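Each residue of the sequence shown is one higher than the last, beginning at 1 in the working numbering. Here a beta-carbon is modelled for each residue, glycine too, at the ideal position from N, C-alpha and C. Please read all numbers here as calculations on a predicted model, not as lab measurements. Encoded as structure tokens, the structure appears first; notes follow it.
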Amino acid sequence: MKLFNTLTRKKEEFVPVESGKVSMYVCGPTVYNYIHIGNARPMIVFDTVRRYFEYKGYAVNYVSNFTDVDDKIIKKANEEGVDSSVISERYIQECKKDMEAMNVKEATTHPKATEEIDGMIEMIQNLIDKGFAYNANGTVYFRTRAFSDYGKLSKKNIDELQAGHREIQVTGEDGKEDYFDFVLWKPKKEGEPSWQSPWSDGRPGWHIECSVMSKKYLGEQIDIHAGGEDLIFPHHENEIAQSEAANGKEFAKYWLHNGFLNIDNVKMSKSLGNFRTVREIGEQYDLQVLRFFMLSAHYRSPLNFSAELMEASKNGLERILNAVDRLRELNGIDAPETELKEVSSLVEKFENAMDDDFNTADAVSAIFELVKYANVNLTEESSNADILKTLSVIQELCDVLGIITDKKEEFIDADIEALIEERQNARKNKDFALADKIRDDLKAQGIILEDTPQGVKWKRM
Ligand code: AMP
Ligand code: ZN
């Protein structure tokens with residue numbers, strides 16, 4: 001199994017620290033709003049990486065944090081006049097709902113930064129004791145030049161970078177020895193959440209959180225550390241410096257980074273105002289469609305979000321689900337299982353694609369080929385054993401990608417009536433997207449709506 005390691009810029013054979021086990025840390029979101037579909041990309045792709053390791057028989061310890069103390073959270077709390085924990089708790093819960101709707105498995109542990117402050121103070125003290133950090137009037141900085149490997153992940157040369165930043169250095173923060181020194185601990189400002197420490201009442205810097213949570217839940221050396229490519233520098237570079245300086249050993253063996261999600265070919269960002277929340281997309285589509293869309297590209301490539309591509313993903317997904325439904329209902333003959341060579345060779349194709357740095361695009365095409373094979377070759381004259389075998393193979397491979405193939409529960413009449421009422425309300429509020437979604441969802445359950453002069457009538461197909 002090969003994966004592309006940002007540290008070496010090469011595809012490398014995966015060799016775990018401990019045989020049969022995978023320890024994985026994925027940087028999670030800062031929780032001050034609903035997550036957007038850019039944040040959803042690392043969640044979906046690294047959940048798929050996890051699922052594939054599990055399919056291969058590894059026991060995966062998967063840790064993904066919530067950054068629940070941050071300037072943006074504090075700002076939002078001040079705007080609403082509430083404690084910042086109210087904001088972070090609210091959006092952690094909302095994020096978990098979105099993750100569930102995208103069929104992202106719960107992490108083995110979802111640590112929160114605010115619950116790990118003691119560990120952070122301990123690591124910072126350790127870095128000070130070893131000469132890798134210093135206290136300047138209550139702010140603790142990491143002494144970047146003391147860590148000789150600094151820049152090894154992002155391939156940045158600190159001297160070259162420094163040359164471009166002389167003027168900033170002069171006007172830089174108080175007490176900082178060097179431009180590239182970064183904050184480990186900062187004193188509180190009025191109205192900010194804070195914790196006591198040997199240096200000041202204050203709060204940790206962002207980078208130290210991940211070094212500490214990764215060490216606590218996964219140990220000093222882990223297999224995989226992952227996140228979006230924007231995190232390579234400075235976040236992951238700084239995590240390496242902190243962890244390796246403190247622990248005296250290599251931090252993560254493999255560094256995986258997903259490419260960015262663009263929207264209509266423009267980089268999606270909060271400042272441009274062109275971002276879309278997962279929640280909004282969920283009003284238009286089943287979020288399985290979003291998941292399927294994300295996996296239609298290689299995780300390291302940039303991916304463009306557009307209505308056309310979402311429609312194509314919706315159709316593709318339906319093709320798979322329809323084939324699964326058909327196989328479920330197909331009544332063949334009572335005969336022994338045959339060799340099913342095509343099926344095994346497509347499973348092999350799927351595995352080869354995933355073994356090659358998680359090439360989900362090719363893995364999806366192997367599933368499409370299986371679907372085509374089933375549609376063409378499996379009929380009432382096939383053996384039930386073959387039908388069942390092919391069905392379970394398709395379902396198992398879909399499950400690796402996190403695609404749910406189980407039929408949704410049948411709606412009962414009361415549910416239908418309630419949904420029709422919700423649709424009427426949506427139409428009154430001119431929320432036609434929601435109204436259409438409800439109609440489409442009902443249709444997917446075999447319920448047809450008719451608008452008549454006497455109101456909305458429904459029937460089963
Ligand atoms: P943040 O809450 O900004 O720290 O982001 C949480 C995760 O989402 C990080 O791994 C980011 O790299 C990732 N991320 C943010 N925006 C995008 C985007 N447009 N495309 C892909 N990943 C993103
Ligand atoms: Zn992180």
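Pull every residue with its beta-carbon under 5 Å away from any heavy atom of ligand 2, and keep them in chain order. Cys27 and Cys210
Should Thr114 be counted as a contact of ligand 1 given a C-beta to heavy atom distance under 7 Å? no
Check whether Ala435 and Glu283 have beta carbons under 8 Å apart: no
Runs of beta strand (DSSP E) wholly within the region 138-162 (minimum 3 residues, chain order): 139-142
Looking only at its chain, what residues have a beta carbon closer than 6 Å to the beta carbon of Val170, apart from the 5 residues adjacent to it on each side? Model confidence at Val170 stands at a pLDDT of 48, short of 50, so the residue's coordinates are unreliable; what they give is reported in the following sentence. Correct list: empty, nothing qualifies.
Counted within 10 angstroms of its Cβ, other Cβ atoms place Asn61 as buried (16 or more) or exposed: buried
DSSP three-state call for Val170: helix, strand or coil? With a pLDDT of 48 at Val170, under the threshold of 50, the modelled position of that residue is not reliable, and the figure given next carries that caveat. Here Val170 sits in helix by DSSP.
Any residue with its C-beta under 6 Å from a non-hydrogen atom of ligand 1 counts. Can you list them all in chain order? Cys27, Pro29, Thr30, Gly38, Asn39, Arg41, Pro42, Gly227, Gly228, Asp230, Leu231, Asn258, Phe260, Leu261 and Met268
How close, in whole Å, do the beta carbons of Asp355 and Met1 come, if the pair is a contact with beta carbons under 8 Å? 5 Å
Is the region 225-234 touching the region 257-272, taking contact as three or more C-beta pairs under 8 Å? yes
Counting C-beta neighbours from all protein chains within 10 Å, is the total for Pro336 16 or more, i.e. buried, or is it exposed? exposed
The region 115-127 / the region 197-209 touching (three or more Cβ pairs under 8 Å): yes
Name the two residues that bound the continuous beta strand (DSSP E) containing Phe305. Leu303 to Phe305
If I'm right that Asp181 touches Gly402 with Cβ under 8 Å, what's the distance once you round it to whole angstroms? Not a contact, Cβ separation roughly 41 Å.
Short Cβ contact (8 Å threshold) for Thr67 with Thr30: yes
Going by beta carbon distance, what residues of the same chain come within less than 8 Å of Asp70, once the five residues before and after it are set aside? Thr30, Tyr32 and Trp206
Should Ala418 go down as buried or exposed, given a rule of 16 or more other Cβ atoms within 10 Å for buried? exposed
Take the Cβ of Ala59 as the centre, count every other Cβ of all protein chains shown within 10 Å, and call the residue buried at 16 or more, exposed below. exposed
Quick one: using the 10 Å Cβ neighbour count with 16 as the cut-off for buried, is Ala245 buried or exposed? buried
Distance between beta carbons of Lys372 and Leu340, contact taken as under 8 Å: Not quite, the Cβ-Cβ distance comes to about 15 Å (not below 8 Å), so this is no contact.
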